[in-house]
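Below is one structure; the comments refer to it alone.
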Amino acid sequence: MTHSHHHDHSHPHIHHSHNKRILLLSFVLITSYALVEWLGGRYFHSLALMADAGHMLNDSLSLFVALIALYLSPLKQKWLALINGGSLIVVALGILWGALERWQNPVPMLAGSMLVVAVLGLLVNLLVAWLMLKSDRENLNIRAAYLHVLADLFGSLVAIVAGLSAWLWNWQWVDLAASVILSILILRSGIRIVRQAIQDLHTVA
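Numbering (UniProt numbering), first residue to last: 1 to 205.
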C-alpha cells in the first residue's frame, strides 16, 4: 500500500521535470534563433526575416509562459499573458512601420545569405516541434506553445519563399509582402492573447 502511494506521488513529479526540461530547451533554441534571424534581417536587409523573428518571439513568449506557469499562481499567469500579448502587438506594429519605410526607400536585399538564415530557422522550428511531441500536451499552456511552434513553421516557409523570389527572379517586393503578412498574423495573435487575458482577469476579479 505504502509502495503504491509513493509510486503515484512520484510519477507526476517526473512528468513535471520532463516537461520543464523540454520547455526550457525549446525556449532557449527558439529565443536564440529569433535573435539570429532578427540580426540577419537587419544585416541582409530582409524584413521577412525580421518578421519571422517576431513570429519566433511569439513562440518564445508562449514557451516562457508555459514554463513559468509551472510555478505561478493562475492570477499571475493572466497578467503575464497580458504583458506578452501587448509586447507582440508592439513587435507587429514595428514591423509594419518598417515595411512602410522600406516601401518608400527600397534597399536591395542580400537574398542568398537571407535564404540560408530562413532555411536554418525552419530546421530549428522542426526540431522544437519534434521535441514538444515528447511533452505532455494535455497541459493547456504546453499545447498552446506547441501550436505556436507549428504556426511558426508557416512563418519560416513564407520567409524562404521571399528569399527564393529575390534570389531567383530578383522580386524584392515579395519580402515586403511576406513581412506584412507575418506582422498581421503576429498582431492578430497579440490582440487575441490580450483580449483573452483581460476577460480572464475580469473573471478572477
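By construction, the Cβ of each residue, glycine as well, lies at the ideal position given by its N, Cα and C atoms.
Test item: CB-CB of Leu-80 and Ile-68 under 9 angstroms: yes
When you compare the CB of Pro-108 with every CB in chain D, is at least one pair closer than 9 angstroms? This model lacks chain D altogether; it includes just one protein chain.
His-45 (DSSP reduced to helix, strand or coil): coil
Distance between Gln-77 and Gln-196 (C-alpha atoms, nearest Å): 12 angstroms
By a C-beta neighbour count over all protein chains shown, 10 Å radius and 16 as the cutoff for buried, is Leu-43 buried or exposed? A small correction: the amino acid at residue 43 is Tyr; Leu does not occupy that position in the sequence shown. The residue is exposed, with fewer than 16 neighbouring Cβ atoms inside 10 Å.
Pick from Val-28, Leu-126, Leu-63 and Pro-108 that is closest to Asn-139, judged by C-alpha positions: Leu-63
Please go through the same chain and pick out, in chain order, the residues whose beta-carbon is closer than 6 angstroms to the beta-carbon of Leu-25, but skip the five residues on each side of it. none
Separation of Asn-84 from Leu-61, as counted between CA atoms: 6 angstroms
In angstroms, rounded to a whole number, what distance separates the CA positions of Ala-92 and Thr-31? 17 angstroms
Going by C-alpha distance, which of His-16, Ser-87 and Leu-49 is nearest Ser-189? Ser-87
Excluding five sequence neighbours on each side, which residues of the same chain lie with their C-beta closer than 6 angstroms to the C-beta of Gly-163? Ala-111, Met-114, Leu-115 and Ala-118
For Ile-160 and Leu-29, the rounded distance between their alpha carbons: 19 angstroms
At a cut of 8 angstroms, does the region 145–158 reach the region 121–134 through at least three beta carbon pairs? yes
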